[in-house]
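K.L.:
I am attaching a structure below and will ask some questions about it afterwards.
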Amino acid sequence: MLHIFSKKHYLKDLLEDFVDIHCHILPGIDDGSKSIEESLILLKKMELLGFKQIIATPHIMQGLYPNDELTIGNAFQNLISELRNKKRNTLVINPAAEYMIDTNFEHLIDKEHLFTLKENFVLIEMSYLQPPINLKEIINKIILKGYIPVLAHPERYSFYHDKKEFYKDLKQYGCLLQMNLLSLSNYYGPSVQKIGHFLLENKLIDFIASDIHSNDHIEKFSEIILSNKQIKYLQKIINNTKKTFLVS
Ligand SMILES: [Fe+2]
Numbered sequence: 049m050l051h052i053f054s055k056k057h058y059l060k061d062l063l064e065d066f067v068d069i070h071c072h073i074l075p076g077i078d079d080g081s082k083s084i085e086e087s088l089i090l091l092k093k094m095e096l097l098g099f100k101q102i103i104a105t106p107h108i109m110q111g112l113y114p115n116d117e118l119t120i121g122n123a124f125q126n127l128i129s130e131l132r133n134k135k136r137n138t139l140v141i142n143p144a145a146e147y148m149i150d151t152n153f154e155h156l157i158d159k160e161h162l163f164t165l166k167e168n169f170v171l172i173e174m175s176y177l178q179p180p181i182n183l184k185e186i187i188n189k190i191i192l193k194g195y196i197p198v199l200a201h202p203e204r205y206s207f208y209h210d211k212k213e214f215y216k217d218l219k220q221y222g223c224l225l226q227m228n229l230l231s232l233s234n235y236y237g238p239s240v241q242k243i244g245h246f247l248l249e250n251k252l253i254d255f256i257a258s259d260i261h262s263n264d265h266i267e268k269f270s271e272i273i274l275s276n277k278q279i280k281y282l283q284k285i286i287n288n289t290k291k292t293f294l295v296s
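Residue numbers for the sequence shown follow this note's numbering, so the first one is 49 and each next one is one higher.
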């Protein structure tokens, strides 16, 4: 019998007490939130979705977003004081960063001077145009310095889409993989969605995160409907993200 009224499973229903380890909600220092007012709106919506903790990860990218502990620290303090003034203190927010793999990043690894998501987990990203030629060496270097690399949105690097084996290599090098919630839909295009599905099915994803830059991102992932199969894979990843990063 056809169940025309069968229940739809929304992604947002799985995000109760979620810890978001990748988002751009600090005001005015990258391509994410542009002002404190915008940050307050984004945080309110994340709270309404059930998010419990937020690790804010502004880009640190040579030339484009030259952030450091000063710019990130200031943006974080400004936001926290505003939240305190408004007596909004239910969300736990911590500052970290999303590091573009570039020469500045390599210097920071040498100095062992990295913002971590928690303990020794470091969020990294690479250009969407081409992979770094020395990626394996850089991952090795990060690990040798005692950090654990977490690659942001591996599904979004199109130059790996026809080299699927490379994702397994990355895991073998010791790099963990963080998928974006929006890659469960065709927001970034059908090939990103397809690779996202491949990575989930092959159990290559360790963590999931929002990568929120604006309200548009929240609206879009609030609409995502999941299949039973996707829920099965995702639940484990959500649990692992919470188990690894939630602080009580
Ligand atoms: Fe990001």
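For glycine and all other residues, C-beta sits at the position ideal for the given N, C-alpha and C.
1) Would you say L199 and L225 are within 7 angstroms of each other, going by their C-beta atoms?
2) In chain order, what residues of the same chain have a beta carbon less than 6 angstroms from the beta carbon of Y195, not counting five sequence neighbours either side?
3) How about D259: is its Cβ closer than 6 angstroms to a heavy atom in ligand 1?
4) Look at the alpha carbon of H209 and the alpha carbon of L90, and state the distance between them as a whole number of angstroms.
5) CA-CA distance, Y221 and M174?
6) Quick check: what's the CA-CA separation for Y281 versus K251?
7) For P114, count neighbouring C-beta atoms within 10 Å of its own C-beta (all shown protein chains included) and say buried if the count is 16 or more, exposed if not.
8) Is it right to say N234 is buried, meaning 16 or more other beta carbons lie within 10 angstroms of its own, or is it exposed?
9) Say the cut is 6 angstroms; is the CB of E146 nearer than that to a heavy atom of ligand 1?
10) Please list, in chain order, all residues of the same chain as F214 whose beta carbon is under 7 angstroms from its beta carbon, the five residues on each side excluded.
11) For I128, count the other beta carbons within 10 Å of its own beta carbon; 16 or more makes it buried, fewer makes it exposed. Which is it?
12) Using only alpha-carbon positions, find the residue among L177, I187, H57, N133 that is nearest to E154.
13) What do you get for Y299, buried or exposed, if any count of 16 or more other CB atoms within 10 angstroms of its CB means buried?
14) List the endpoints of the continuous alpha helix (DSSP H) containing A123.
15) Do I285 and I260 count as a contact pair if the criterion is CB distance below 7 angstroms?
16) Return the CA-CA distance between Q241 and K189, expressed in angstroms with no decimal places.
17) Is the CB-CB distance between I273 and L232 below 7 angstroms?
18) Compare the C-alpha of E267 against each of D61, N288, L218, K93 and name the closest.
19) Compare the Cα-Cα distances from A123 to each of K135, P106, R136 and report the closest residue.
20) Could you check if G244 is buried or exposed, using at least 16 other CB atoms within 10 Å of its CB as the buried criterion?
P.N.:
On the basis of the data shown:
1) Numbered from 1 along the sequence shown, position 151 holds the residue referred to as residue 199. Numbered from 1 along the sequence shown, position 177 holds the residue referred to as residue 225. Yes, these two residues count as a Cβ contact at 7 angstroms.
2) Within the sequence shown, numbered from 1, the residue matching residue 195 stands at position 147. N168, V170, listed in sequence order.
3) Stepping through the sequence shown from its first residue, residue 259 is reached at position 211. For ligand 1, at least one heavy atom lies less than 6 angstroms from the Cβ of D259.
4) Counting from one through the sequence shown, the residue named residue 209 turns up at place 161. Counting from one through the sequence shown, the residue named residue 90 turns up at place 42. Each residue's Cα considered, the two are about 32 angstroms apart.
5) Sequence index remark: in the sequence shown, residue 221 carries index 173 (1-based). Sequence index remark: in the sequence shown, residue 174 carries index 126 (1-based). Answer to the nearest angstrom: the Cα atoms are 16 angstroms apart.
6) On the sequence shown, residue 281 is found 233 positions in, with the first residue counted as 1. On the sequence shown, residue 251 is found 203 positions in, with the first residue counted as 1. Cα-Cα distance, rounded: 8 angstroms.
7) Taking the first residue of the sequence shown as 1, we reach residue 114 at position 66. When all chains shown are included, P114 counts as exposed.
8) Here residue 234 refers to the residue found at position 186 of the sequence shown. Its Cβ having fewer than 16 others within 10 Å, N234 is exposed.
9) Here residue 146 corresponds to residue number 98 of the sequence shown, with the count starting at 1. At least one heavy atom of ligand 1 is nearer than 6 angstroms to the Cβ of E146, so yes.
10) Within the sequence shown, residue 214 is the residue found at index 166, counting from 1. The residues are Y208.
11) Counting from 1 along the sequence shown, the entry for residue 128 is found at position 80. Answer is exposed; the Cβ neighbour count stays below 16.
12) Residue 154 sits at position 106 when you count from the first residue of the sequence shown. Among L177, I187, H57, N133, the Cα nearest to that of E154 belongs to I187.
13) Past the edges of the chain, shown from 49 to 296, lies residue 299, and the structure says nothing about it.
14) By 1-based counting over the sequence shown, the position of residue 123 is 75. Looking at the DSSP string, the run of the alpha helix (DSSP H) that includes A123 is 117-133.
15) For this step, residue 260 is matched to residue 212 along the sequence shown. For this step, residue 285 is matched to residue 237 along the sequence shown. No, these two residues do not count as a Cβ contact at 7 angstroms.
16) Stepping through the sequence shown from its first residue, residue 241 is reached at position 193. Stepping through the sequence shown from its first residue, residue 189 is reached at position 141. Their backbone Cα atoms lie some 31 angstroms apart in a straight line.
17) On the sequence shown, position 225 is the one that residue 273 refers to. On the sequence shown, position 184 is the one that residue 232 refers to. No, the Cβ-Cβ distance between I273 and L232 is not below 7 angstroms.
18) One-based indexing of the sequence shown puts residue 267 at position 219. The option with the nearest alpha carbon to E267 is K93.
19) Here residue 123 refers to the residue found at position 75 when the sequence shown is read from its first residue. Checked all of K135, P106, R136; the closest Cα to A123 is P106.
20) In the sequence shown, the residue the question calls residue 244 occupies position 196. Buried: at least 16 other Cβ atoms inside 10 Å.
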